[in-house]
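Accompanying notes for the structure given below.
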Amino acid sequence: MTTSTLTPDPSADPTELLPKKLAHARPLFDSEILRRAVWDSFVKLNPAKLCKNPVIFVVEAGAAVTTILLIRDIATSAAGTGFNLQITLWLWFTVLFANFAEAMAEARGKAQADSLRKTKSDSVAQRVAANGRTETVSASQLRAGDLVICEAGDTIPGDGEVVEGIATVDESVITGESAPVIRESGGDRSAVTGGTRVLSDRITIKITSNPGETFLDRMIALIEGAQRHKTPNEVALNILIAGLTLVFLLAVVTLQPFSQYSVAAAGAGSVPGVAVLVSLLVCLIPTTIGGLLSAIGIAGMDRVMQHNVLAMSGKAVEAAGDVNTLLLDKTGTITIGNRQAAEFIPVKGVTELELAEAAQLSSLADETPEGRSVVVLAKEKYGLRGRELSHHEAGFIPFSAHTRMSGVDINGSQLRKGATDSIIQFVEEHGGTVPGELREIADRISRQGGTPLAVSNGRRTLGVINLKDVVKGGMKKRLAQLRRMGITTVMITGDNPLTAAAIAAEAGVDSFLAQASPADKLNYIKKEQASGHLVAMTGDGTNDAPALAQADVGLAMNTGTMAAKEAGNMVDLDSNPTKLIEVVAIGKQLLITRGALTTFSVANDVAKYFAIIPAMFMATYPALGALNIMGLHSPKSAVLAAVIFNALIIIALVPLALRGVKYRPAGAGALLRRNLLLYGLGGLIVPFPGIWAIDQIVHVLGLA
-10 MTTSTLTPDP
0 SADPTELLPK
10 KLAHARPLFD
20 SEILRRAVWD
30 SFVKLNPAKL
40 CKNPVIFVVE
50 AGAAVTTILL
60 IRDIATSAAG
70 TGFNLQITLW
80 LWFTVLFANF
90 AEAMAEARGK
100 AQADSLRKTK
110 SDSVAQRVAA
120 NGRTETVSAS
130 QLRAGDLVIC
140 EAGDTIPGDG
150 EVVEGIATVD
160 ESVITGESAP
170 VIRESGGDRS
180 AVTGGTRVLS
190 DRITIKITSN
200 PGETFLDRMI
210 ALIEGAQRHK
220 TPNEVALNIL
230 IAGLTLVFLL
240 AVVTLQPFSQ
250 YSVAAAGAGS
260 VPGVAVLVSL
270 LVCLIPTTIG
280 GLLSAIGIAG
290 MDRVMQHNVL
300 AMSGKAVEAA
310 GDVNTLLLDK
320 TGTITIGNRQ
330 AAEFIPVKGV
340 TELELAEAAQ
350 LSSLADETPE
360 GRSVVVLAKE
370 KYGLRGRELS
380 HHEAGFIPFS
390 AHTRMSGVDI
400 NGSQLRKGAT
410 DSIIQFVEEH
420 GGTVPGELRE
430 IADRISRQGG
440 TPLAVSNGRR
450 TLGVINLKDV
460 VKGGMKKRLA
470 QLRRMGITTV
480 MITGDNPLTA
490 AAIAAEAGVD
500 SFLAQASPAD
510 KLNYIKKEQA
520 SGHLVAMTGD
530 GTNDAPALAQ
540 ADVGLAMNTG
550 TMAAKEAGNM
560 VDLDSNPTKL
570 IEVVAIGKQL
580 LITRGALTTF
590 SVANDVAKYF
600 AIIPAMFMAT
610 YPALGALNIM
620 GLHSPKSAVL
630 AAVIFNALII
640 IALVPLALRG
650 VKYRPAGAGA
660 LLRRNLLLYG
670 LGGLIVPFPG
680 IWAIDQIVHV
690 LGLA
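See the structure below:
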């Protein structure tokens, strides 16, 4: 394992990180979602459900008290019934609007879950019995470990791993994409998902889940929010606003006896009624963030889902927003993926044609994309075509990760192609001498960002194949954006340090981990976490599972193995390794949204204190009239205006809570200043004109 740190490119364009939503994402206020949310807003009035939100539960308790007193006043024909009726109605509206915010976020998830649930059916399966024969059984009868055979047109009956064969599979039911994907035995593309459909060929699948425990079942449960748990930050914020609610509750309860004492001592004035005191309490406690907090968390998971990433918990999304170190696999993430043979470079005394022919023959048993590209290059450049070798008694040596070579023994020749070190060792073991020219060629290719593959014939060295790995377009700019967020990017590769350094410099990563084994990845993550950093990484293979489980954010590819998907706390249904960059941006957007609306809510409450308390208590404490700088008409109009504003501001902020605050890459200091200026100062200013305007309307209409 080799690690290295690179000097970053300081240039960074402030372009957006978050991509557009997928076409199948629903509009924010879809009519079906809206109907479901309105109904659920009333269902959530159940105190047993609402007690989980202490702030809104206090508002409901206050609304219930004023409702009981209103009924009493109506029965006794008491004065002021109209005012108390309005206060009571707006208190209930406050509760409903807060419920509506959460219900809207949940309804979007439930609508997605409903569409997934429709795809579930108790299909039949061709199970392989103990005697080797197949039997037709219901999918619900399958258990983990069963073998089933699926042919073209069959619905895959359960989650599993392909153990034999290769087929194209339609996974649009879970990804929303119509393009088929290849699933084959062995490697990291063997996992299949129940409910998807085989389009061609025949595969044998080993079932890995029992009924009710499939990936589709977990998707439905997670999308519906049935398994959503509050994140640590959310719990901490809930404790804070619950504490503030308790403090203001005690303060408001003590106001009435103080008022009674003051009126009795002065012989003038009036004591605020219960409806007024309840209104004051509701306006003082942080009802805005209390009503929106749960919706922000649910909407964060929904935004991740709209980008075809399934988050196993809200904690994973939140952790993505706090990531300090991002581990990116080189192949398929930073580079396009399959390295391609670009040229044959022979050593002295060997012709290019001789090298090309030996390279092609030694690659016939190499089924890797690199091996196939060697065969194609030899065919395109020299017209060398596949040939019938059976009568030559050829002995093929398939590529092995252990030997890092492939080859063929034919007509007394031992043709080998593989990693430079492996070929050098092979030649020396057969009594040959490796010319220094070979190492020079290999080093030059590595410094240029290519991958050298040496070719030999027994004890004789023939030359080098140059494999090129192309960095994805725009990758340098995207990594620069991550640097602006304060995130260190680390490229992980199995390449030698020279090749890794060239690719890393071209891509613009901060450092790289070369010749990395699964244990190296795991140890690197542990080292970063021990330094107090949060780490994110992607992976798709079984060998990635330990690192995915250890990382704070582990994004597993849907095309990967079940072990990888079980180990990660997120699954990318599109299997796009670069999606981790978007996930980090969405996590930061979630944290910024919560912080922005919390800042607005607290500032909003501070403004309401100065706006309504003087007007409310002028009758009890006439000296407070000097502080009525807004010129509110009367204590009753001030109270009613404040309660109406308090309810309407929740519903006005629902779209922002669901969409999220727009995120631009910036440092923590810049984001804090922006929040304080936009949402802090905005929260202080908005209530003054808002309450004043409502007070004018209330006065003109004679409502108070």
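When the letters of the sequence shown are read in order and numbered with my numbering, they come out as residues -10 to 693. We put the CB at the ideal spot given by N, CA and C, even for glycine.
Review point. Does the stretch 269 to 277 come within contact of the stretch 591 to 606, defined as at least 3 CB pairs closer than 8 Å?
Key: yes
Exercise for review: Could you tell me the boundaries of the beta strand (DSSP E) in which I171 lies?
Suggested key: Here residue 171 corresponds to residue number 182 of the sequence shown, with the count starting at 1. First-last of the beta strand (DSSP E) with I171: 170 to 173.
Point to revise | Member of N73, G232, G262 whose CA lies at the smallest distance from the CA of P246 | key: On the sequence shown, residue 246 is found 257 positions in, with the first residue counted as 1. Of the candidates N73, G232, G262, the one whose C-alpha sits nearest the C-alpha of P246 is G262.
Practice item. Thinking V643 and F89 are a contact (beta carbons under 8 Å), I'd like their distance in whole angstroms, please. Key: For the purposes of this step, residue 643 is taken as residue 654 along the sequence shown, with counting starting at 1. For the purposes of this step, residue 89 is taken as residue 100 along the sequence shown, with counting starting at 1. With 8 Å as the limit, V643 and F89 qualify as a contact, their Cβ atoms being about 7 Å apart.
Review point. For the beta strand (DSSP E) that contains C139, what are its first and last residues?
Key: For the purposes of this step, residue 139 is taken as the residue at position 150 of the sequence shown. Unbroken beta strand (DSSP E) run through C139: 136 to 140.
Check your understanding: Which value, in whole angstroms, describes the spacing of the CA atoms of I412 and G463?
Key -> Taking the first residue of the sequence shown as 1, we reach residue 412 at position 423. Taking the first residue of the sequence shown as 1, we reach residue 463 at position 474. So the alpha carbons of these two residues sit roughly 36 Å apart.
Exercise for review: Drop a sphere of 10 angstroms on the beta-carbon of C40, count the other beta-carbons inside from all chains shown, and report buried for 16 or more, exposed for fewer.
Suggested key: Numbered from 1 along the sequence shown, position 51 holds the residue referred to as residue 40. Exposed.
Point to revise | Runs of beta strand (DSSP E) wholly within the stretch 282 to 329 (minimum 3 residues, chain order) | key: 298 to 300, 314 to 318
Check your understanding: Nearest-angstrom Cα distance between V675 and I638?
Key -> Position 686 of the sequence shown, counting from 1, holds the residue named residue 675. Position 649 of the sequence shown, counting from 1, holds the residue named residue 638. Approximately 10 Å between the Cα atoms of the pair.
Point to revise | Residue range of the unbroken alpha helix (DSSP H) whose run includes Q518 | key: Reading the sequence shown from its first residue, position 529 is the one you call residue 518. First-last of the alpha helix (DSSP H) with Q518: 507 to 519.
Exercise for review: Determine, using beta-carbon pairs with one atom in the stretch 305 to 313 and one in the stretch 574 to 582, whether at least three such pairs fall under 8 Å.
Suggested key: yes
Review point. Just to confirm, are N558 and A180 a CB contact at a threshold of 8 Å?
Key: The residue you call residue 558 lines up with position 569 of the sequence shown. The residue you call residue 180 lines up with position 191 of the sequence shown. Contact flag unset, no.
Check your understanding: What are the residues that DSSP puts in a beta bridge with D159?
Key -> Residue mapping note: residue 159 aligns to position 170 of the sequence shown, counting from 1. Answer is R186.
**Study point:** Proximity winner among S395, I640, R653, D684, relative to A630 (alpha-carbon distances)
**Key:** Along the sequence shown, one-based indexing puts residue 630 at 641. Of the candidates S395, I640, R653, D684, the one whose C-alpha sits nearest the C-alpha of A630 is D684.
Check your understanding: Taking the runs of the beta strand (DSSP E) that are 3 residues or longer, which of them lie wholly in the stretch 354 to 434?
Key -> 384 to 389, 394 to 399, 402 to 408
Check your understanding: Hey, would you say T70 sits closer than 8 Å to I60, going by beta carbons?
Key -> Residue 70 sits at position 81 when you count from the first residue of the sequence shown. Residue 60 sits at position 71 when you count from the first residue of the sequence shown. Not in contact: T70 and I60 (Cβ atoms no closer than 8 Å).
Exercise for review: State the CB to CB distance for the pair A525 and D541, rounded to an integer number of angstroms; the pair is presumed to be in contact (CB under 8 Å).
Suggested key: Walking along the sequence shown from the start, residue 525 turns up at place 536. Walking along the sequence shown from the start, residue 541 turns up at place 552. At roughly 7 Å, the Cβ-Cβ gap stays under 8 Å, so A525 and D541 are in contact.
Practice item. Look up S179 in the DSSP assignment and say whether it is helix, strand or coil. Key: As a first step, residue 179 is located in the sequence shown; it is residue number 190 there, counting from the start. Collapsing the DSSP output to three states places S179 in coil.
Review point. What's the C-alpha gap between A225 and I285?
Key: As a first step, residue 225 is located in the sequence shown; it is residue number 236 there, counting from the start. As a first step, residue 285 is located in the sequence shown; it is residue number 296 there, counting from the start. Cα to Cα, the separation comes out at about 15 Å.
Exercise for review: Using three-state DSSP, classify N222 as helix, strand or coil.
Suggested key: Walking along the sequence shown from the start, residue 222 turns up at place 233. Reduced to three states, the DSSP call for N222 is helix.
Check your understanding: Which of the three DSSP states, helix, strand or coil, is assigned to I196?
Key -> The residue you call residue 196 lines up with position 207 of the sequence shown. Strand.
Review point. How long is the line joining the alpha carbons of Q518 and M551, rounded to whole angstroms?
Key: Within the sequence shown, numbered from 1, the residue matching residue 518 stands at position 529. Within the sequence shown, numbered from 1, the residue matching residue 551 stands at position 562. If I take the Cα positions, the gap works out to 26 Å.
Practice item. Could you check which residue in I194, E426, L233, I76 has the C-alpha nearest to that of V595? Key: Translated into the one-based positions of the sequence shown, residue 595 becomes position 606. Each of I194, E426, L233, I76 was checked against the Cα of V595, and the nearest Cα belongs to L233.
Review point. What three-state label does DSSP hand P535 in the structure shown?
Key: Here residue 535 refers to the residue found at position 546 of the sequence shown. Reduced to three states, the DSSP call for P535 is helix.
Exercise for review: Answer yes or no: do V187 and E140 have a C-beta to C-beta separation smaller than 8 Å?
Suggested key: Position 198 of the sequence shown, counting from 1, holds the residue named residue 187. Position 151 of the sequence shown, counting from 1, holds the residue named residue 140. It is a contact, given that the beta carbons lie within the stated cut-off.
Check your understanding: Since P335 sits in a beta bridge, which residues does DSSP pair it with?
Key -> Position 346 of the sequence shown, counting from 1, holds the residue named residue 335. Note: P335 sits in a beta bridge opposite G452.
Check your understanding: Across which residues does DSSP place G543 in a beta bridge pair?
Key -> Locating residue 543 in the sequence shown gives position 554, counting from the first residue. In DSSP, G543 forms a bridge with M526.
Check your understanding: Taking Cβ positions, are I230 and T182 nearer each other than 8 Å?
Key -> Within the sequence shown, residue 230 is the residue found at index 241, counting from 1. Within the sequence shown, residue 182 is the residue found at index 193, counting from 1. No, the Cβ-Cβ distance between I230 and T182 is not below 8 Å.
Point to revise | Where K457 sits in the DSSP three-state scheme | key: Within the sequence shown, residue 457 is the residue found at index 468, counting from 1. When secondary structure is reduced to three states using DSSP, K457 falls in the strand class.
Check your understanding: Distance, Cα to Cα, L690 vs A94?
Key -> To locate residue 690, count along the sequence shown from 1; it is residue 701. To locate residue 94, count along the sequence shown from 1; it is residue 105. Cα-Cα distance, rounded: 36 Å.
Check your understanding: Excluding five sequence neighbours on each side, which residues of the same chain lie with their C-beta closer than 6 Å to the C-beta of N199?
Key -> The residue you call residue 199 lines up with position 210 of the sequence shown. Closer than 6 Å at the Cβ level, and outside the excluded window around N199, lie R132, A133.
Review point. Touching or not, the stretch 350 to 358 and the stretch 382 to 391, by the rule of three or more beta carbon pairs under 8 Å?
Key: yes
Check your understanding: What does V117 pair with, by DSSP beta-bridge criteria?
Key -> In the sequence shown, residue 117 corresponds to position 128, counting from 1. T123, per the DSSP bridge assignment.
Review point. Could you check where the alpha helix (DSSP H) with L442 kicks off and where it finishes?
Key: Position 453 of the sequence shown, counting from 1, holds the residue named residue 442. Element bounds for L442: not the alpha helix (DSSP H) but the beta strand (DSSP E), 439 to 446.
Review point. DSSP three-state call for M619: helix, strand or coil?
Key: Within the sequence shown, the letter at position 630 stands for residue 619. The answer is coil: DSSP assigns M619 none of H, G, I, E or B.
Point to revise | Residue(s) in a DSSP beta bridge with D561 | key: Mapped onto the sequence shown, residue 561 falls at position 572. D561 pairs with V298, M546.
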